[in-house]
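Sequence positions in the sequence shown follow the numbering used here and run 480 to 845.
Ideal Cβ positions, reconstructed from N, Cα and C, are used throughout, including at glycine.
Structure first, commentary second.
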Amino acid sequence: MQTIPFLNLPEQHRLIKNEILASWSGLLDTAGFIGGAQVELFEEEFAKACQVAHCVSVSNGTDALRLIFQALGVKNGDEIITVPNSFIATTEAISQAGGKIAFVDIDRQTYNIDCKKIEDAISPQTVGIVPIHLYGQTADMDAINDIARRHKLWVVEDSCQAHLAEYKGRRTGSLGHAAAFSFYPGKNLGACGEAGAVTTDDHKLAEKIRILRNHGQSQKYFHEYEGYNNRCDALQAAALRIKLPYLKAWNETRRQKAALYTELLKDTNLTLPFTAQEHLHVFHLFVILAENRDSLAKHLTEHGISTGFHYPLPLHLQKAYSHLGLGKAQFPVTEDVSVQLLSLPMYPELTDENIHYICTVLKGLL
Ligand SMILES: *Cc1c(COP(=O)(O)O)cnc(C)c1O
Numbered sequence: 480m481q482t483i484p485f486l487n488l489p490e491q492h493r494l495i496k497n498e499i500l501a502s503w504s505g506l507l508d509t510a511g512f513i514g515g516a517q518v519e520l521f522e523e524e525f526a527k528a529c530q531v532a533h534c535v536s537v538s539n540g541t542d543a544l545r546l547i548f549q550a551l552g553v554k555n556g557d558e559i560i561t562v563p564n565s566f567i568a569t570t571e572a573i574s575q576a577g578g579k580i581a582f583v584d585i586d587r588q589t590y591n592i593d594c595k596k597i598e599d600a601i602s603p604q605t606v607g608i609v610p611i612h613l614y615g616q617t618a619d620m621d622a623i624n625d626i627a628r629r630h631k632l633w634v635v636e637d638s639c640q641a642h643l644a645e646y647k648g649r650r651t652g653s654l655g656h657a658a659a660f661s662f663y664p665g666k667n668l669g670a671c672g673e674a675g676a677v678t679t680d681d682h683k684l685a686e687k688i689r690i691l692r693n694h695g696q697s698q699k700y701f702h703e704y705e706g707y708n709n710r711c712d713a714l715q716a717a718a719l720r721i722k723l724p725y726l727k728a729w730n731e732t733r734r735q736k737a738a739l740y741t742e743l744l745k746d747t748n749l750t751l752p753f754t755a756q757e758h759l760h761v762f763h764l765f766v767i768l769a770e771n772r773d774s775l776a777k778h779l780t781e782h783g784i785s786t787g788f789h790y791p792l793p794l795h796l797q798k799a800y801s802h803l804g805l806g807k808a809q810f811p812v813t814e815d816v817s818v819q820l821l822s823l824p825m826y827p828e829l830t831d832e833n834i835h836y837i838c839t840v841l842k843g844l845l
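Right, here's the structure in full:
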């Protein structure tokens with residue numbers, strides 16, 4: 480029996496540990512933990528990687544989203560459209576900025592926002608759309624940007640699962656008015672702790688977020704308004720700078736792993752990930768659908784294989800959102816998919832032998 484974890488960050492770190500330690504050693508010598516060259520260089524390098532003019536590093540992905548909404552001027556009662564099949568961070572950020580959550584169901588093939596249903600959710604209070612590039616594949620950005628233009632809405636990408644994914648040859652982070660990234664350790668680009676970033680081509684928006692993340696300061700001890708302590712620290716920026724040059728190759732390896740899974744599972748009754756045309760998927764997660772999902776997960780666990788559900792309870796059915804009064808059957812695709820989805824191990828360090836073993840164990844119960 481093999482033991483296969485859901486993620487294997489220690490293995491990733493084994494290869495780059497010396498580079499990270501050398502960089503951290505310099506920071507310890509100078510005690511330059513807040514701001515400084517590592518933070519500024521990371522912002523330059525990440526902006527370039529995302530093909531945008533500005534990157535503002537922040538404390539985490541959730542704060543990145545909230546800071547964007549605040550900088551865009553979201554006020555009480557403004558409605559923001561997103562999907563119920565996501566991690567709660569997206570909707571937390573909407574509420575914390577004073578916005579009102581407006582859900583739209585997902586597409587059955589891509590699990591991203593169903594663009595055909597967006598216009599039905601637009602009201603006179605709607606100010607923006609937040610497509611989430613779930614599992615590593617971008618939403619249909621041309622359709623979304625077209626709707627946004629016609630209704631004078633902004634578009635903020637939740638790119639927390641899609642670092643360097645592409646849509647028609649363009650990278651995430653550059654496909655809307657602004658984008659939020661998370662560098663939570665398990666993301667495709669992960670810090671050694673908490674970190675996040677905002678990317679945008681809008682100079683004014685970038686400047687506003689730079690000030691907001693640092694107590695509303697335009698210069699030290701001079702405050703334009705009250706802000707937040709939402710900076711990314713130098714140790715995280717230094718680690719991210721070391722990982723960033725590997726990211727493209729890591730994503731390519733994820734695609735190869737996904738192709739092997741697909742080849743080995745193609746003659747089964749499982750629903751495999753669908754890659755839309757002209758999209759470059761970065762497989763943050765490899766999610767399949769199975770009718771006997773729960774027994775499959777149990778069977779895999781018994782054979783040493785860790786799996787996950789992303790996500791087992793849609794946001795509109797969470798206790799945290801009972802006040803929205805959204806009952807069952809409102810977003811049928813999300814609800815349908817939530818009881819069938821199963822995330823298999825997916826990371827560059829996973830070996831082909833691991834995947835052969837996982838697929839053999841899986842097929843044993845089909
Ligand atoms: C990880 C994640 C976030 C939040 O990022 P944190 O850095 O953990 O705050 C937001 N949205 C999505 C879709 C995520 O996967």
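Suppose you measure from the CA of residue i to the CA of residue j; what does that come to, to the nearest Å?
i    : j    : result
H789 : F701 : 44 angstroms
E731 : A738 : 11 angstroms
G843 : N833 : 16 angstroms
T605 : E558 : 4 angstroms
E636 : A658 : 4 angstroms
K596 : S638 : 21 angstroms
S750 : W729 : Reading the sequence as shown, one finds Thr at residue 750 and not Ser. In a straight line, the C-alpha of T750 is about 25 angstroms away from that of W729.
D815 : A713 : 43 angstroms
E770 : D584 : 20 angstroms
D599 : P610 : 16 angstroms
C838 : N591 : 26 angstroms
H782 : N624 : 45 angstroms
S602 : Q698 : 40 angstroms
D619 : F765 : 19 angstroms
V634 : D773 : 36 angstroms
N555 : F525 : 33 angstroms
E757 : E523 : 27 angstroms
G655 : S504 : 38 angstroms
S574 : K631 : 21 angstroms
For residue i, does the three-state DSSP call read helix, strand or coil?
i    : result
A492 : Position check: residue 492 holds His in this sequence, whereas Ala was assumed. DSSP places H492 in helix when its eight states are reduced to three.
T497 : Reading the sequence as shown, one finds Asn at residue 497 and not Thr. N497: helix per DSSP, three-state reduction.
S638 : coil
V609 : coil
F788 : coil
F566 : coil
I767 : strand
S774 : helix
H702 : strand
E742 : helix
N539 : coil
C838 : helix
N708 : strand
C534 : strand
K527 : helix
N693 : strand
T650 : Residue 650 is actually Arg in this sequence, not Thr. Residue state, collapsed to three classes: strand.
I601 : coil
So, under 8 angstroms CB-CB, residue i and residue j are touching, yes? Tell me the CB distance rounded to an integer number of Å.
i    : j    : result
H612 : T561 : Not confirmed; about 12 angstroms, so no contact.
F753 : T589 : 6 angstroms
Y707 : R692 : 6 angstroms
L768 : L803 : Wrong, their Cβ atoms sit about 27 angstroms apart, outside the cutoff.
Is residue j closer than 8 angstroms to residue i when the C-beta atoms are compared?
i    : j    : result
A644 : H492 : no
L743 : H835 : yes
L779 : L841 : yes
T678 : S653 : yes
G787 : S817 : no
Q530 : R649 : yes
A627 : I608 : yes
A674 : S502 : no
H533 : A641 : no
I688 : I547 : yes
S785 : F566 : no
A676 : A550 : no
R587 : V812 : yes
R710 : I513 : yes
Say whether chain C places a C-beta atom closer than 8 angstroms to the C-beta of residue i.
i    : result
K554 : In the structure shown, chain C does not exist; there is a single protein chain.
Discussion item. Counting beta carbon pairs with one atom in the segment 716-723 and one in the segment 666-679, are three or more of them shorter than 8 angstroms?
Written reply: At 8 angstroms Cβ cutoff, the stretches touch.
Discussion item. Does the structure place the segment 490-508 close enough to the segment 528-541 that three or more beta carbon pairs sit under 8 angstroms?
Written reply: Because the criterion of three Cβ pairs below 8 angstroms is not met, the segment 528-541 and the segment 490-508 do not touch.
Practice prompt. Give a yes or no on contact between the segment 822-829 and the segment 485-501, applying the rule of three or more CB pairs nearer than 8 angstroms.
Written response: In the pairwise beta carbon analysis, the segment 822-829 is classified as touching the segment 485-501: at least three pairs are separated by under 8 angstroms.
Worksheet entry | Cβ contact (3+ pairs, closer than 8 angstroms) linking the segment 796-807 and the segment 566-582 | Two segments are said to touch when three or more pairs of C-beta atoms, one from each, lie closer than 8 angstroms; by this definition the segment 796-807 touches the segment 566-582.
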